[in-house]
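Residue numbers (this note's numbering): 163 to 334.
For each residue, glycine too, the CB sits at the ideal point set by N, CA and C.
Computed from a predicted structure; not experimentally measured.
To start, the structure under review is shown below, and the notes come after it.
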Amino acid sequence: MTQKNEPLGGWIDAPEMQRQENPYDQLKALGIVLPIQPKPIGNFVTHVLEGSLLFLSGQGPTHTDGRLHSGRLGDGVTVGDAYQHAWLTGINLLAVMHEALGDLRRVRRIVKLLGFVNATPEFDEHHKVINGCSDLMGRVFGVSGIHARSAIGIASLPANITVEVEAIVAVD
Numbered sequence: 163m164t165q166k167n168e169p170l171g172g173w174i175d176a177p178e179m180q181r182q183e184n185p186y187d188q189l190k191a192l193g194i195v196l197p198i199q200p201k202p203i204g205n206f207v208t209h210v211l212e213g214s215l216l217f218l219s220g221q222g223p224t225h226t227d228g229r230l231h232s233g234r235l236g237d238g239v240t241v242g243d244a245y246q247h248a249w250l251t252g253i254n255l256l257a258v259m260h261e262a263l264g265d266l267r268r269v270r271r272i273v274k275l276l277g278f279v280n281a282t283p284e285f286d287e288h289h290k291v292i293n294g295c296s297d298l299m300g301r302v303f304g305v306s307g308i309h310a311r312s313a314i315g316i317a318s319l320p321a322n323i324t325v326e327v328e329a330i331v332a333v334d
């Protein structure tokens, strides 16, 4: 990631939410180069394409060298840092979409995101964290990036990562 990414706020009404004809142009404008699709850390596949729906397994945030961002919200990790981690997780989801479809222009709509936040019981700003991934989808796909979403706080995640997000995508 080459820039600091700020939350869109009322992103549904933002100018960035106009339909983007080419998501690769948006990625370039954001300074994003898609990484190689992350490998699963367990006995599962990164995606399943069933008809016109693409189901993406949960992804986490990685440094450019492949190391994972780890820690817990409410115990040393800030909302701002975790927002960035959710943005990076979104980049990994885009890499899986690209690998699965061969072309991000086949994405008709981001249907749903399910975000998990590694947090203490007292932490209550899960929605602000997962906005990082939601904002990225909006910037890359415009109105087609507007989606249903859940943001859930849990006591732990694999490898102690800060966030994990899975997605359902409608495709052409």
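Query, Result
"By the 10 Å Cβ neighbour count, where 16 or more other Cβ atoms means buried, how is Ala-310 classified, buried or exposed?", "exposed"
"Please give the ranges of any alpha helix (DSSP H) in the segment 252-312, keeping only runs that are unbroken, at least 4 residues long and fully inside the region.", "288-303"
"For Gly-315, which of helix, strand or coil comes out of DSSP?", "strand"
"Assess, as a yes-or-no matter, whether the segment 187-196 is touched by the segment 277-293 under the definition of 3 or more beta carbon pairs within less than 8 Å.", "no"
"Write down the C-beta distance between Ala-244 and Val-279 rounded to the nearest angstrom, noting that I regard them as a contact closer than 8 Å.", "7 Å"
"Helix, strand or coil: how does DSSP classify Pro-320 here?", "helix"
"Going by the DSSP bridge assignment, what does Thr-224 pair with across the sheet?", "Leu-230"
"Helix, strand or coil for Leu-218? Go by DSSP, reduced to three states.", "strand"
"Spell out the partners DSSP gives Leu-235 in its beta bridges.", "Val-239, Ala-281"
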